[in-house]
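Before any comments, here is the structure.
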Amino acid sequence: IKSGWDEYGISYGMPSQHIVIRRLTCVSPTSAVIALGSEMSGGIRDVRAEDITALNSESGIRIKTAVGRGAYVKDVFVRRMNLNTMKWVFWMTGSYKSHPDDKYDPNAIPMVDGISYSEVVAYNVTMAGRLEGIPSAPFTGICVSNVTVQLAKSMKTPWYCADVEGVSSGVTPAACASLADQGAAAAPCPFPTDASPMDGFQLQQCTYIKSYDA
1052 IKSGWDEYGI
1062 SYGMPSQHIV
1072 IRRLTCVSPT
1082 SAVIALGSEM
1092 SGGIRDVRAE
1102 DITALNSESG
1112 IRIKTAVGRG
1122 AYVKDVFVRR
1132 MNLNTMKWVF
1142 WMTGSYKSHP
1152 DDKYDPNAIP
1162 MVDGISYSEV
1172 VAYNVTMAGR
1182 LEGIPSAPFT
1192 GICVSNVTVQ
1202 LAKSMKTPWY
1212 CADVEGVSSG
1222 VTPAACASLA
1232 DQGAAAAPCP
1242 FPTDASPMDG
1252 FQLQQCTYIK
1262 SYDA
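Everything in the sequence shown is counted per the working numbering, starting at 1052 for the first residue and increasing by one.
Encoded structure:
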């Protein structure tokens, strides 16, 4: 999911929004099952993904951005994922450094906020999560609940977090301290109950008749 690159995306100013992903089955050995960014300078918001199955993939959900992108990634909701064999289940980075040219604004700091993951089961995983925000602008509002990750081998640090803030509940292995544990009895991470604007979308059926000159 993208929306423009650095100053060009900022200038155009059109967000990618109201995106619904359902019943996706994916094999993606060198990339994420679902990725947001890194070209997100028009903004990304209101993304709803559910009932996802993936096998032999690099990561489950990945958010990529960098200084110079500006805009935001917010209100992303993911639930009911069944994953098997990957490096990372959750992966975020605020230092994806590729730029189209040297004209980007170094003061264009992206905002990442309101990211919810729930009801995730993953097997044969190298690392549960690698979440790295931006030191001057931490990623906030991250919620992870009802997640079970079976690691391929015992790791001293199954999660790595830097410059991120949020909460967790019912997560195994336990998430990093910056995702404060609310206890297994805590309410699950939110998922919208209202209809998405895309739920009422209907494709039009068209008939095309090719005519021939006499």
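Note that CB positions come from ideal geometry on N, CA and C, so glycine has one too. Treat the numbers as computed from the prediction; the structure is a model and nothing was measured.
Anyone know if the C-beta pair for residue i and residue j falls short of 7 Å?
i            : j            : result
residue 1071 : residue 1249 : yes
residue 1240 : residue 1187 : no
residue 1114 : residue 1137 : no
residue 1107 : residue 1151 : no
residue 1075 : residue 1103 : yes
residue 1209 : residue 1179 : yes
Can you give me the C-alpha to C-alpha distance between residue i and residue j, rounded to a whole angstrom?
i            : j            : result
residue 1177 : residue 1068 : 32 Å
residue 1090 : residue 1217 : 24 Å
residue 1065 : residue 1054 : 7 Å
residue 1060 : residue 1086 : 18 Å
residue 1131 : residue 1235 : 17 Å
residue 1202 : residue 1255 : 46 Å
residue 1211 : residue 1260 : 59 Å
residue 1135 : residue 1082 : 14 Å
residue 1182 : residue 1141 : 7 Å
residue 1198 : residue 1105 : 15 Å
residue 1158 : residue 1192 : 22 Å
residue 1073 : residue 1207 : 34 Å
residue 1251 : residue 1153 : 42 Å
residue 1228 : residue 1247 : 33 Å
residue 1205 : residue 1175 : 11 Å
residue 1051 : residue 1088 : For residue 1051 there is no data in the structure shown, the boundaries of the chain being 1052 and 1265.
residue 1257 : residue 1173 : 43 Å
So residue i is in the alpha helix (DSSP H); what residue range does that whole segment cover?
i            : result
residue 1267 : Here the chain comprises residues numbered 1052 to 1265, so residue 1267 is not present and cannot be evaluated.
First and last residue of the beta strand (DSSP E) that includes residue i?
i            : result
residue 1113 : 1095-1115
residue 1201 : 1190-1202
residue 1211 : 1210-1213
residue 1068 : 1067-1078
residue 1083 : 1083-1087
residue 1132 : 1123-1144
residue 1179 : 1162-1183
residue 1230 : 1230-1232
Less than 8 Å between the CB atoms is what I'm expecting for residue i and residue j, so what's the real figure, rounded?
i            : j            : result
residue 1214 : residue 1120 : Wrong, their Cβ atoms sit about 15 Å apart, outside the cutoff.
residue 1093 : residue 1122 : 6 Å
residue 1161 : residue 1200 : Between residue 1200 and residue 1161 the Cβ distance is about 27 Å, and since that is not below 8 Å, they are no contact.
Going by beta carbon distance, what residues of the same chain come within less than 7 Å of residue i, once the five residues before and after it are set aside?
i            : result
residue 1155 : 1057, 1058, 1119
residue 1062 : none
residue 1109 : 1079, 1080, 1081, 1082, 1083, 1137, 1138
Quick one: residues in its chain with C-beta nearer than 6 Å to the C-beta of residue i, no 5 flanking neighbours on either side, listed in chain order?
i            : result
residue 1184 : 1145, 1190, 1214, 1215
residue 1125 : 1096, 1164, 1165
residue 1219 : 1195, 1226, 1230, 1232
residue 1171 : 1132, 1198
residue 1221 : 1196, 1197, 1235
residue 1077 : 1084, 1105
Residues in the same chain with beta-carbon distance under 8 Å from residue i, minus the five sequence neighbours each way, listed in chain order, please.
i            : result
residue 1148 : 1117
residue 1242 : 1099, 1101, 1128, 1130, 1167, 1169
residue 1262 : none
Shorter than 7 Å from the beta carbon of residue i to some beta carbon of chain C?
i            : result
residue 1171 : Absent from the structure: chain C. Only one protein chain is present.
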